[in-house]
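Notes follow once the structure below has been shown.
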Ligand SMILES: [Fe+2]
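In my numbering, the protein residues as written are 2 to 177.
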């Protein structure tokens, strides 16, 4: 069986439904950053880009009177937990290998520590790459969630990433 592609993940109705909440443009940019960082730090690009694309798939809509309520969000958010679980289920349903699905899910779980108790976590290189990629696309006041992109452009960029990953497979493969 071939690799589960970013395109398959992206086009899935679950992804389309939930990623719209946090922004497709942000998800695509973070996947692109993850590709670059994964190459730089010799991390598995397939895992890193999948985790990056899906990292915000667990968002709930924190709207109050038509506007995103940041305080309500800060207080109640568990999007990393929800996202890890949702992404894992989606990956498995598309035929992803279990070991890979777990690594990707945990990278999503740890992409932010905003919901965790105070303390220090030792992230592995894959988890660091995904967290860094998210930060690289962040804008003040959560504005990265409002960036817009049309579907064709998003799909083109996703396909370009898939092609780069497929090409790289013939050369070297980093560790997960
Ligand atoms: Fe994000």
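Just so you know, even glycine gets a beta-carbon here, dropped at the ideal spot from N, CA and C.
query                                                                                                                                 : result
Residues of its chain near residue 97, where Cβ-Cβ distance is below 6 Å and the 5 sequence neighbours each way are ignored           : 5
Nearest-residue set for ligand 1, Cβ under 5 Å from any heavy atom                                                                    : 57, 135
Per-residue DSSP class, three states only, for residue 44                                                                             : strand
For residue 65, the three-state DSSP class (helix, strand or coil)                                                                    : strand
Residue from 60, 137, 153 whose Cα sits closest to the Cα of residue 79                                                               : 60
C-alpha gap between residue 76 and residue 16, whole angstroms                                                                        : 25 Å
Helix, strand or coil at residue 16 according to DSSP, with G and I counted as helix                                                  : helix
Residue 148 - DSSP class collapsed to helix/strand/coil                                                                               : coil
Sub-8 Å separation of residue 58 and residue 19 beta-carbons                                                                          : yes
contact_flag[the segment 67-75, the segment 23-33] where n(CB pairs < 8 Å) is 3 or more                                               : no
For residue 136, the three-state DSSP class (helix, strand or coil)                                                                   : helix
Beta-carbon gap between residue 162 and residue 50 smaller than 8 Å                                                                   : yes
Contacts around residue 42, its chain only, beta-carbon distance under 7 Å, and the 5 residues preceding and following it disregarded : 126, 130
Neighbourhood of residue 11 by C-beta distance below 6 Å, restricted to the same chain and skipping five residues each side           : 159
Close Cβ partners of residue 73 (< 7 Å) along its chain, the five nearest in sequence each way excluded                               : 63, 65
Status (buried if at least 16 other CB within 10 Å, exposed otherwise) for residue 151                                                : exposed
Other residues of its chain near residue 137: CB distance less than 7 Å, five sequence neighbours each side excluded                  : 34
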